[in-house]
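The block underneath contains the structure these notes are about, expressed in structure tokens.
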């Protein structure tokens, strides 16, 4: 269950139901896809961490107007918690989300699924949610106007355990995945009164431009630096850089 200080309104509950329905459609559509080597292991947290993902969706308000979009789950973040950029401590201790996750049928020995008991910390998630904790006094205050989403729900791994991001897939596989994920993003964009669409990194920004452009959305599209430690720029005061970007574009 999740910790909420107020009872959700009828509009909130309707929004939650529609977002869950959209996530279910995404889950089922990507599960029908196939991927070849060098991909050897695929995790879909919308399957085994579905209960936690639903708890996360129930945090958002029907008046949310800022969407922050990431690429896909990291092995120690959403892969464990079902929450985008889902660093365990932020999900468990700040959002107050609790629950168990199921098992993965074809689990990589170097990437075990341990749920909220996972001792590893997702650096990207620690940075992103850490900024939100600094700027908002409670998760309720954040989710009143904000929602964080991943474009793709799947984790792709090679035999070594190395992560492979969706943009590195062969064209045919990438196009099939894009069709599913674009449809889900299109659904999400239609469900809430978005004013700002923020790509967390260039890949996500391009997805927003492509899909929001199709929808003739009036929301402003912008980008913040991705918090991944693989980015040298992100290792030099990522929070300060992201804060300045959000302020300069009028998001905050």
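In full-length UniProt numbering, the protein residues as written are 1 to 252. Every residue, glycine too, gets a C-beta built ideally from N, C-alpha and C. Remember, it's a predicted structure, so these values are computed and weren't measured experimentally.
Under three-state DSSP, which class holds residue i?
{"i": "residue 222", "result": "strand"}
{"i": "residue 158", "result": "strand"}
{"i": "residue 41", "result": "strand"}
{"i": "residue 136", "result": "coil"}
{"i": "residue 35", "result": "coil"}
{"i": "residue 125", "result": "helix"}
If we count the other Cβ atoms within 10 Å of its Cβ and call it buried at 16 or more, is residue i buried or exposed?
{"i": "residue 232", "result": "exposed"}
{"i": "residue 12", "result": "buried"}
{"i": "residue 102", "result": "exposed"}
{"i": "residue 124", "result": "buried"}
{"i": "residue 54", "result": "buried"}
{"i": "residue 7", "result": "exposed"}
{"i": "residue 15", "result": "buried"}
{"i": "residue 184", "result": "buried"}
Among the candidates the options, whose CA atom is the shortest distance from the CA of residue i?
{"i": "residue 74", "options": "112, 25, 51", "result": "112"}
{"i": "residue 199", "options": "68, 61, 35", "result": "68"}
{"i": "residue 230", "options": "16, 122, 95", "result": "122"}
{"i": "residue 80", "options": "65, 47, 114, 96", "result": "114"}
{"i": "residue 143", "options": "92, 130, 59, 244", "result": "59"}
Excluding sequence positions up to five away, which residues of its chain have a Cβ less than 8 Å from the Cβ of residue i?
{"i": "residue 154", "result": "30, 42, 43, 44, 72, 73, 166, 177"}
{"i": "residue 180", "result": "26, 29, 30, 33"}
Keeping to the same chain, check which residues put their C-beta closer than 7 Å to that of residue i; ignore five residues upstream and five downstream.
{"i": "residue 5", "result": "The pLDDT assigned to residue 5 is 48, lower than 50, so where the model puts this residue is not dependable; a value taken from the coordinates is nonetheless given after this. Excluding residues within five positions, the ones whose Cβ falls inside 7 Å are 140."}
{"i": "residue 152", "result": "71, 72, 166, 177, 181"}
Flag this pair as yes or no: are the beta carbons of residue i and residue j separated by less than 7 Å?
{"i": "residue 225", "j": "residue 239", "result": "no"}
Looking only at its own chain, which residues have a Cβ that is under 6 Å from the Cβ of residue i, when we skip the five neighbours before and after it?
{"i": "residue 120", "result": "76"}
{"i": "residue 245", "result": "224"}
Taking 7 Å as the CB-CB limit, is residue i close to chain D?
{"i": "residue 62", "result": "The structure shown has no chain D; it contains just one protein chain."}
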